[in-house]
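In order, the protein sequences belong to chains A and B.
Our numbering numbers the first residue of the first sequence as 221 and each following residue consecutively.
Our numbering numbers the first residue of the second sequence as 100 and each following residue consecutively.
Glycine residues also receive a C-beta, built at the ideal position from the N, C-alpha and C atoms.
Just so we're clear, the structure is a prediction, and the values are computed from it rather than from any experiment.
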Amino acid sequence: MELLSIVTGLRRHKATSALIALQVALTLCIVSNALFVVHDRLVRIDRPTGIDEADFAMFRNEWLAPHGDLKARIQGDLAVLRSAPGVADAYATNGAPLYVGGGAGGVGTKPNQDTASAYAAEYIVDDHAMKTLGIRLTEGRWFAPGDIAETNDSMGDGPSIVIITRALATKLFPAGHALGSSIYVGKNPSTIIGIVERLVTPLLYGVPAPVMDSFFENSILVPGLLVEDSYLYVIRAQPGQRDAALLASQRLLAQHDRARGIDLVHTFPAIRAESYKTDRSLASLLSLVCALLLLVTGLGIVGLASYWVGLRRSPIGIRRALGARRIDIVRYFQIENGLIVGCGAAVGLALAAATNLWMVQKMALPRMGVQYAIAGAAIVLILGQLAVLWPARRAASIPPARATRAL
Amino acid sequence: MITYYLRSATKSLFRNRILTALIIVAIAFGIGASMTVFSVFRTMSGDPIPWKSAQLFVPRIDTRPPDKRRDGVPDLLSYQDVMALRRAKIVARQTPLYTLALHLIPEDINLLPLHVVGVAVDRDFFHLFDVPFRYGSPWTVESGDDRSDVVVIGKRLNDRLFAGKDAVGQSLNLDGTHYRVVGVIQDWNPQPRLYNLLNSPYGDSEDFFIPFNTAVEHKIAPRGFTSCSNAWSERLGAVCTWILFWVEATTPSDAQHYRDFLANYSLEQQRLGRFSWLPSASLSNARDWLEEKNIVPTETRLSLILAFGFLTVCLVNGVVLMMAKFLSRNRETAIRRALGATRRDVFSQFLVEAGVIGALAGLLGLGLTAVGLAIEKSMLPQEMARVTALSPAVIGMTFGLAVFATVCAGLYPSWRGSIVEPAVQSKT
Chain A
221 MELLSIVTGL RRHKATSALI ALQVALTLCI VSNALFVVHD RLVRIDRPTG
271 IDEADFAMFR NEWLAPHGDL KARIQGDLAV LRSAPGVADA YATNGAPLYV
321 GGGAGGVGTK PNQDTASAYA AEYIVDDHAM KTLGIRLTEG RWFAPGDIAE
371 TNDSMGDGPS IVIITRALAT KLFPAGHALG SSIYVGKNPS TIIGIVERLV
421 TPLLYGVPAP VMDSFFENSI LVPGLLVEDS YLYVIRAQPG QRDAALLASQ
471 RLLAQHDRAR GIDLVHTFPA IRAESYKTDR SLASLLSLVC ALLLLVTGLG
521 IVGLASYWVG LRRSPIGIRR ALGARRIDIV RYFQIENGLI VGCGAAVGLA
571 LAAATNLWMV QKMALPRMGV QYAIAGAAIV LILGQLAVLW PARRAASIPP
621 ARATRAL
Chain B
100 MITYYLRSAT KSLFRNRILT ALIIVAIAFG IGASMTVFSV FRTMSGDPIP
150 WKSAQLFVPR IDTRPPDKRR DGVPDLLSYQ DVMALRRAKI VARQTPLYTL
200 ALHLIPEDIN LLPLHVVGVA VDRDFFHLFD VPFRYGSPWT VESGDDRSDV
250 VVIGKRLNDR LFAGKDAVGQ SLNLDGTHYR VVGVIQDWNP QPRLYNLLNS
300 PYGDSEDFFI PFNTAVEHKI APRGFTSCSN AWSERLGAVC TWILFWVEAT
350 TPSDAQHYRD FLANYSLEQQ RLGRFSWLPS ASLSNARDWL EEKNIVPTET
400 RLSLILAFGF LTVCLVNGVV LMMAKFLSRN RETAIRRALG ATRRDVFSQF
450 LVEAGVIGAL AGLLGLGLTA VGLAIEKSML PQEMARVTAL SPAVIGMTFG
500 LAVFATVCAG LYPSWRGSIV EPAVQSKT
C-alpha cells in the first residue's frame, strides 16, 4: 500500500529519479571495478619474495677495459666483500629478485621440446648464495664449492646440476619426484639437486607485468662464478647494519681496484618500493577517486532529497495531521531512496560486468569476481540510506499544523 | 542583456547556497581528477616532435622464416643490413642508432669512474630530431670526424663537468679512450624519447653522442635488448640484430621510393641465397611506430578511464542538483513569464547561470588539478615524474572543459525550468 503511494509519488519526478538512479549506477560500476583493481594490486604488492629482504642490498660492478684476468679480479673482490665490516655474506650474479634485469627462458622436461613446459628466471649463484639470500632449502642439498666453475651469463648447452623453486618443481613435475629428475634449459639435461621453498624472478626488461606474474615464483639456480665485465654484487648485511655495510663494501672495493664503475646501488626495501610504485600509486589513486565519488553521490542524494522535502512540506504536514508518525515519514523517504538506489544498483551491476568485460578485452585485465560487484551494490545502498537520513529527519520534524497553515 | 543575465545569475548563486556549493565542488573535483590524469596521459602518449615525426621513418626487415613471424615486427636490424641501407643512401639523411654505456674516467685519481649512457649515431641524427646545439656543432663527414674519437655531450654532463661553459675542444676519457668534444647540446629532452623508444621511453636524454663508425671501431657493445651474444664478431654479421635505423623522407614519393628500395633489397637478399624465403621489409612512419609500441602503461589508461567516469558522475550529479535549483524557482519563473519574458529568455538566463557555475567550478578545478599534478609527481616512478607539468594548454583546457561540460549539463535543467506556464503558478 505504502509502496504504491511512493511509486506514484516518484512518477511525478520521473526525470530526476532516473538521473539520480543513473548516477548511482555509474558510481556502482566505477566503485566495484576500482575495488577489484585495488584488491588485485594490493595482493600483488604483498607477494613474498622468499629472501631475507631487510638485510639485502646490491650494486652493479663494471670493469673497465683492458680486463686482464677477470676471474682473479672477481675472486679478489668477493674475498674483500666477505670480510668487509657489517657484511654477513656476498656473491656475484646476473640478477636479483624484483630488480630490473637478469635472464629467463623456457624450461622443458624432455630434450628438444617444441614448446617449453614453463618459463623460469635463471640466476647464477655460488656456494655462498643461500646464506646471502636467506632462502630456505626444503629438499636436497645446496651447491658445494666444487660445483662452482667459471661461467658467463648465457646458459650454454645447459648446466649439469640446478636447484629450482618449489613452484617450478610443482609445475614441471605435478606428480612429485622433482628432486633427482632432469630438466632442460639447453640441449643437455640438468639434474635437480635441491628445491628451495621460494625465490621470485627479477623484472625482465620489456616483458609486460601480466606475463611476468604468470611465472613469478619460477626460478632456476645455476652454479657458477660469473665472469663478465658487468654484473651485480649482492650482499647480506649483519642485522641492522645494511646501510653501513653497503657503503663500506663500495669503499673497500674502490680501494682494492679503481679500474671499475659502481652504480645502481640499492637496498632491497628500495628495490621493492620502486618496483611496486606504479601498483601502489594506482591503488591509492583509485581509492581516493572512489572515496570522492561516493562523497559526491552521497551529497547529490542529500541535495535532491532536501529539495524534495522542501517541495512536499504541505503533503507531509497533511499526513502528519492525519496521524502519520515521524517514523512513518522517515520510512517513506528511506523506502523511496531504497527504490531509486535499488533500480540504479540493478543497472549498475550490469554496467559493472560489461565494463569489466571490456577492460578484460582491451587491457588484458583479469575477470572481476562477483563479490566485488555485490560489495559495490551494498556500498551504494548503504550510502543512499545514510545520505537520505538527514533530509528525512528534517521532513519528519515538519509540524502537523503546517498542513492547515499552507492552505 | 548578457550583463543583466550575468548579474542575476551571480545573485542567484547565493540562493540555495548549499546546493550551489555542492554543484560547484562536485564538478570541480571531477574536472580536477580528470585533468590531472589526462595531462599525464597526454604527455606520455604524445608525439614529442609533431612538426617532424611525419617525415621520419623506421625501416624494418623481418628476416625470420614466415612460420616463425610472431609478436610483431622486430625493430632492430643486423649490422650487415644497416651497412647496406646506409651505403645505398636512398634518402638524403639517415642514421643508425644504438645505446651504449661507458665510463667517464675522472682526472682525479681518487674518484671512481662515472657510468654514462649515450648513443652511437651518424651526424644526421642531430638534424633528424632537431637537436639544438648550445656550443659547437655535430661532427662533419668531410673532416673525417665521423670515424675519429669525437663526442657531442648533453647539457647535464656539460654542467657537471665544465660548469656549463663552452667545452668544445676539451677532452673526455671514456673507457680509456680520449674523445674530443665537438659540440654541447642545449637542454633537450623529448618525452617520450621517440628516437630511442626501445630503451626506456621516458627519462633523461643521453649524456653523450659518438659517431657510429667510431663506436663500431672501438667494439663498444650495445646496451639494452638485442638478439646478440657477447661475441663481437657475431655482431658484425647478418644474423643477430641490434641497431635501430632512422631515415628522413620529406615527401610521400620519397617514402614510396624507399619502400620500393626495401622491397628490392629483400628480393635481392633472397636471390643471393641469404634466405630461402622472402624477408618482409616495411617502412613505418614515426607516429605509427609510436602508436604501435603502445608505450603508455595500463595503469595510466585505467586511471584515465576512471577519471573520466568520475567526471561523468559529477556531471550527472550536477544535472540533478541544477534541476533542483532551477525548478525550485518555478514561482519566480512564472512571474517573469507573466511579466513578458519568453521561454527563450528564461532558458538563456538559466543557461548563463550554468555557465557561471561552470566558471567557478573551473577555477576550483584548476587549483585541484595543480594539487593533483603535484601528488602525481611524487607518486610516479622517477623517470615518469618529469612528464607532469601544469602548462598553459592544460590550464586552458581545464577551464574550457569545466564551462563547456557544466553548460551541457545545464541544458536539460534549464529547459525544464523554462517550460513553466505563467498562469498556473501566479494563481496563488
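Can you tell me the Cβ-Cβ gap for A/Leu452 and A/Met278, rounded? I've got them flagged as a contact below 8 Å. 5 Å
contact_flag[the region 279–291 of chain B, the region 331–341 of chain B] where n(CB pairs < 8 Å) is 3 or more: no
Which runs of the alpha helix (DSSP H) at least 4 residues long sit entirely within the region 473–529 of chain A? Give them in chain order. 488–495
List, in chain order, every chain B residue whose beta-carbon is nearer than 8 Å to that of A/Met583. Thr397, Arg400, Leu401
Between A/Gln591, A/Leu577, A/Glu556, which has its C-alpha nearest A/Gly604's C-alpha? A/Glu556
With A/Gln598 as the anchor, note down where its alpha helix (DSSP H) starts and where it stops. Residue identity check: residue 598 of chain A is Ala in the sequence provided, not Gln. Counting along the chain, the alpha helix (DSSP H) containing A/Ala598 begins and ends at 590–616.
Assuming contact is defined by CB atoms lying nearer than 8 Å, are B/Pro176 and B/Ile319 in contact in what I supplied? Contrary to the premise, residue 176 of chain B reads as Leu rather than Pro in this sequence. Cβ atoms of B/Leu176 and B/Ile319: not closer than 8 Å.
Proximal residues of chain A, C-beta to C-beta of B/Thr411 below 8 Å: Leu246
Length of the line joining the Cα atoms of A/Val427 and B/Ala460: 42 Å
Alpha-carbon spacing of B/Arg159 relative to B/Gly171, whole angstroms: 11 Å
Looking at A/Ile412: is its Cβ nearer than 8 Å to the Cβ of A/Val327? no
If the cut is a Cβ gap below 9 Å, which residues of chain B does A/Glu282 touch? Ala200, His202, Pro212, His214
Would you tell me roughly how many angstroms separate the C-alpha atoms of A/Leu627 and A/Arg533, rounded to the nearest one? Confidence at A/Leu627 is low in this model, with a pLDDT of 48, below 50, so its placement is unreliable and the value that follows should be read with caution. For A/Leu627 and A/Arg533, the distance between alpha carbons rounds to 12 Å.
7 Å Cβ cut-off: residues of chain A touching B/Phe128: Leu512, Val516
For the region 257–275 of chain A, which residues have a beta carbon sitting closer than 7 Å to at least one beta carbon of chain B? Val257
With distances taken between CB atoms, is the gap from B/Ala380 to B/Leu155 smaller than 8 Å? no
Check whether the Cβ atoms of B/Leu196 and B/Val215 lie closer than 8 Å to each other. no
So, does the CB of B/Met422 fall closer than 8 Å to a CB anywhere in chain A? yes
Would you verify that the beta carbon of A/Leu627 is, or is not, closer than 8 Å to some beta carbon of chain B? In this prediction, A/Leu627 has a pLDDT of 48, which is less than 50 and means its spatial position is unreliable; what the coordinates show is noted afterwards. So, not an interface residue.
Residue closest to A/Gly481, alpha-carbon to alpha-carbon, out of A/Glu370, A/Ser252, A/Leu284, A/Asn253: A/Leu284
Taking C-beta to C-beta, are A/Leu388 and A/Ala338 nearer than 8 Å? yes
Start and end residues, beta strand (DSSP E) containing B/Val280: 276–284
Go through its chain and collect everything with a Cβ distance to A/Arg356's Cβ below 6 Å, but skip five positions before and after it. Glu417
So what does DSSP say about B/Glu305, is it helix, strand or coil? coil
Spatial distance of B/Arg373 from B/Ala330 (CA atoms): 21 Å
Own chain partners of A/Gly460 with C-beta closer than 6 Å, once the 5 adjacent residues on each side are dropped: none
Quick one: give me the first and last residue of the alpha helix (DSSP H) that B/Trp345 is part of. No alpha helix (DSSP H) contains B/Trp345, which is instead part of the beta strand (DSSP E) from 340–347.
Would you verify that the beta carbon of A/Asp483 is, or is not, closer than 8 Å to some beta carbon of chain B? yes
Opening and closing residue of the beta strand (DSSP E) in which A/Ile344 lies: 338–345
Cβ-Cβ distance between A/Leu601 and A/Thr247 below 8 Å: no
Count the CB pairs spanning the region 180–189 of chain B and the region 141–154 of chain B that are closer than 8 Å, and state whether there are at least three. no
From this set, B/Leu343, B/Thr162, B/Leu273, B/Ala314, which residue's C-alpha is nearest B/Trp388's C-alpha? B/Leu343
How would you call A/Tyr425, buried or exposed, if buried means at least 16 neighbouring beta carbons within 10 angstroms? exposed
Chain-ordered chain B contacts of A/Ile250 [CB-CB under 8 Å]: Leu405, Gly408, Phe409, Val412
Could you tell me which of A/Glu282, A/Thr358, A/Ala584, A/Thr371 sits nearest to A/Asp449, measuring between CA atoms? A/Glu282
Got a sec: does the ligand GDP put a non-hydrogen atom nearer than 7 Å to the Cβ of A/Val454? Looking at this structure, you won't find the ligand GDP or any other ligand, since it has none at all.
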